[in-house]
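J.: The sequence shown begins at 819 in this note's numbering and counts up one residue at a time.
Yeah, the Cβ is synthetic: ideal placement off N, Cα and C, and Gly gets one too.
Bear in mind that the values here come from a model prediction, so they are computed numbers and not experimental data.
My questions will all concern the structure given below.
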Amino acid sequence: MPARPHPITTRRIWLGICGVLLVLGIFFRFYHLGYKVYWIDEVNTTLRSLGYTTALVEDTLLTGKPFTVADLQSFQQLSPERGWDDTWNSLRGSAEHTPLYFLLSRWWVERFGSTIVVWRSLAAVLSLLTFPALFWLCWELFQTSLPGWLAIGLVAVSPLHVLYAQEARPYSLLALMTLLSCASLLWGMRTQRWHSWIVYGMTIALGLYTQLLFGLVAIAHTLYILLMEGRLTQTVRRFSVVTAGAIAAFTPWLFLLAANLATVQRKTASLSEATPFSKLVDGWFRVLNQMLIDWELAGWNVVLVVGAIVATVILIRYAPRRAWLLLVLVGGVSFLGLALPDLVVGGERSLRVRYLFPTALSLQIALAYSFSRSIPAKTTWQQWGQGLLVVLLVSQIASCAVTSQKNLWWNKSRPRSTYYQPVSAILNQATNPLVLTESKVSDLLALSYWLRPNLMLQAIPSPEAIDISSNSHTFYLLNGSSETQAALTRQGYTLLLLYPLTPAAEVRLWQIQP
């Protein structure tokens, strides 16, 4: 009978697998970096970082006079006429988005150029920094290296982290600041040195300037300190001092947010739309799927729910209290902080997985710890655990491989981005086209990446002001309102629907025929 493998052999095998997963994760983060659709959220990143505003674009181009795609694209390129003060003023006008990532983006493109690859490479590099931060946090939590390496393996090929590492948005930075703040909190509690507490305070301030929702992480940390200490100790005092300092550092932006509250509420109104409870539950199952494997499982998503519950139970049962309590609070508060308002006042905040990176990271660390207990495989249950880990990792790798070949995925908002390719193909092949449009600035900027530079567009100031008497152009109507369609019909024109073949999509393209 063959001897059972020595435990260190199994451990080394898994450490080697994690090393391979890390290499794969780095590859997926940079592969086809410029291939994916550059959608409206990303063009808004570029617009704000370069010091432009939608109002400036509207006042310059959307005046009712024809302009070219090249004119549009000039607002997506670095200009010596737009300095850092313009960037700051642009960011102040969008107070719902805290400025750190956008300021970093401005610095980044000044050094490496203003291309899609460069804009996205910042998020990819920040995503790479999450690996050492993740290992540090796992070490502070468990004081052993295996859970950290398994967590790195899981996060490296996580479809969620890969997708947002390839998007010019602040979510990779949010993940990084979540990990650094949690790790430095535990470091401060362990060493009780002022420099470690000051580092923690800096991560909280930077996290708040990364995204407003990071405030939920800070709340979770406060609850953690109160529950762990239970009375006024040196830890509580030092935590209070540095947290107060971080909040003071963030106060100027809070005043700006309060001064622009009406504008912020208008821009975020879509998050507060009434959502049926059944849709919320289905959405939460889908969000969990997106966090872990990103495969369509329909009703089988319940398997992932059971897996998440089992991992949490194992974490609470076997991990030190200081470890499981922090993960449960960070993950739970970040989710409930969005889910409870959805349940009480309505909305779908908790269905946006990009807002739930702290929850996703907490769950992935819990899974890593649970799987680490199955190494070495001495019992049947441990063997099953390793088998499930292999299934999870293979599912993640397969998902990353599939999405790496797609130029459009769910994170780019299919309803708002699907039309770029088919509509641009029609317009780019047309003879001397002039496109009349009522599209918003961000939609036009995103579409402009697909159009030839000399193609002409013209905003419609009002349906009554439409004049297409020129015979030198082939006229098209993009995203025209029902009023505009009716006005053209009254003038004797026929609207030939070119995209889509049925009028069900949000964006439509017609050719205007005499």
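I think ALA1305 touches ILE1284, with their Cβ atoms under 8 Å apart; what is that distance to the nearest whole Å?
T.: 6 Å
J.: On the three-pair Cβ rule with 8 Å, is the region 1120-1136 touching the region 978-994?
T.: no
J.: Looking at the secondary structure, which residues open and close the alpha helix (DSSP H) in which LEU1098 lies?
T.: 1095-1110
J.: Count the other CB atoms within 10 Å of the CB of ALA1184; is the residue buried (16 or more) or exposed (fewer)?
T.: buried
J.: Between which two residues does the alpha helix (DSSP H) containing ALA951 stretch?
T.: 934-960
J.: DSSP state of TRP906, grouped into three classes?
T.: helix
J.: Taking the alpha-carbon positions, what's the PHE1189 to THR1221 distance?
T.: 26 Å
J.: Please list the terminal residues of the continuous alpha helix (DSSP H) segment that includes PHE893.
T.: Per DSSP, PHE893 belongs to no alpha helix (DSSP H) and is neither H nor E.
J.: Using the Cβ count rule (16 or more neighbours within 10 Å means buried), how would you classify ILE970?
T.: Under the 10 Å beta carbon count, ILE970 is surrounded by 16 or more other beta carbons and is classified as buried.
J.: Is there a Cβ of chain B sitting closer than 9 Å to that of SER1257, yes or no?
T.: Given the protein chain composition of this structure (a single chain), no chain B is represented.
J.: With which residues is PRO884 paired in a DSSP beta bridge?
T.: Beta-bridge pairing links PRO884 to no other residue.
J.: Let's test the definition: count the other Cβ atoms within 10 Å of the Cβ of TYR853 and tell me whether it reaches 16, buried, or not, exposed.
T.: exposed
J.: What residues match up with ILE1330 in a beta bridge as DSSP calls it?
T.: LEU1313
J.: Kindly indicate the opening and closing residues of the alpha helix (DSSP H) around THR1198.
T.: 1198-1221
J.: On the three-state DSSP scale, how would you describe GLN1247?
T.: helix
J.: Starting from TYR1173, trace the beta strand (DSSP E) in both directions and tell me its first and last residue.
T.: Note, TYR1173: premise wrong, no beta strand (DSSP E); not H, not E.
J.: Going by CA-CA distance only, name the one from ALA1157, LEU1207 and VAL1121 that's closest to THR1093.
T.: ALA1157
J.: Based on the DSSP secondary-structure assignment, which residues constitute the bridge partners of PHE1293?
T.: LEU1252
J.: Is the region 1003-1017 close to the region 950-966, with three or more CB pairs under 8 Å?
T.: yes
J.: Does the Cβ-Cβ distance between LEU1275 and LEU1252 come in under 9 Å?
T.: Their beta carbons are under 9 Å apart, which means LEU1275 touches LEU1252 by this criterion.
J.: Quick check on the DSSP output: what are the complete alpha helix (DSSP H) runs of length 4 or more inside the region 834-875, in order along the chain?
T.: Fully enclosed alpha helix (DSSP H) runs of 4 or longer: 858-867.
J.: Rounding to the nearest angstrom, what Cα-Cα distance links TRP925 and GLY1048 in this structure?
T.: 44 Å
J.: Quick one: measure Cβ to Cβ for VAL1105 and LEU1169, integer angstroms, because I've assumed they're closer than 8 Å.
T.: Rounded, the Cβ-Cβ distance is 6 Å, consistent with contact.
J.: Under a Cβ-count criterion, where at least 16 other Cβ atoms within 10 Å of its own Cβ denotes burial, should ARG1326 be classed as buried or exposed?
T.: Buried, because 16 or more other Cβ atoms sit within 10 Å of the Cβ of ARG1326.
J.: Taking all protein chains shown into account, decide if ALA986 is buried (16 or more other Cβ within 10 angstroms of its Cβ) or exposed.
T.: buried
J.: Here's a check: name, in chain order, each residue in its chain whose Cβ is nearer than 6 Å to the Cβ of PHE1293, leaving out the five neighbours to either side.
T.: LEU1252, ILE1286 and ILE1330
J.: Suppose contacts are defined by Cβ-Cβ distances below 9 Å. Is LEU1181 in contact with LEU1110 by that definition?
T.: yes
J.: Straight-line CA distance for VAL1059 to THR1236?
T.: Rounded to the nearest angstrom, the two C-alpha atoms are 50 Å apart.
J.: Just reading off the beta strand (DSSP E) that LEU1275 is part of, what are its end residues?
T.: 1274-1277
J.: Assign TRP1012 to buried or exposed, taking buried as 16 or more other Cβ atoms, counted over all protein chains shown, within 10 Å of its Cβ.
T.: exposed
J.: Run through DSSP, which three-state label would GLN984 get?
T.: coil
J.: Since ILE1244 contacts TYR1311 with CB under 8 Å, what's their CB separation in whole angstroms?
T.: Not a contact, Cβ separation roughly 18 Å.
J.: PRO1318 by DSSP, collapsed to three states: which one?
T.: coil
J.: If you reduce the DSSP assignment to three classes, tell me which class ARG900 lands in.
T.: coil
J.: Taking all protein chains shown into account, decide if THR827 is buried (16 or more other Cβ within 10 angstroms of its Cβ) or exposed.
T.: exposed
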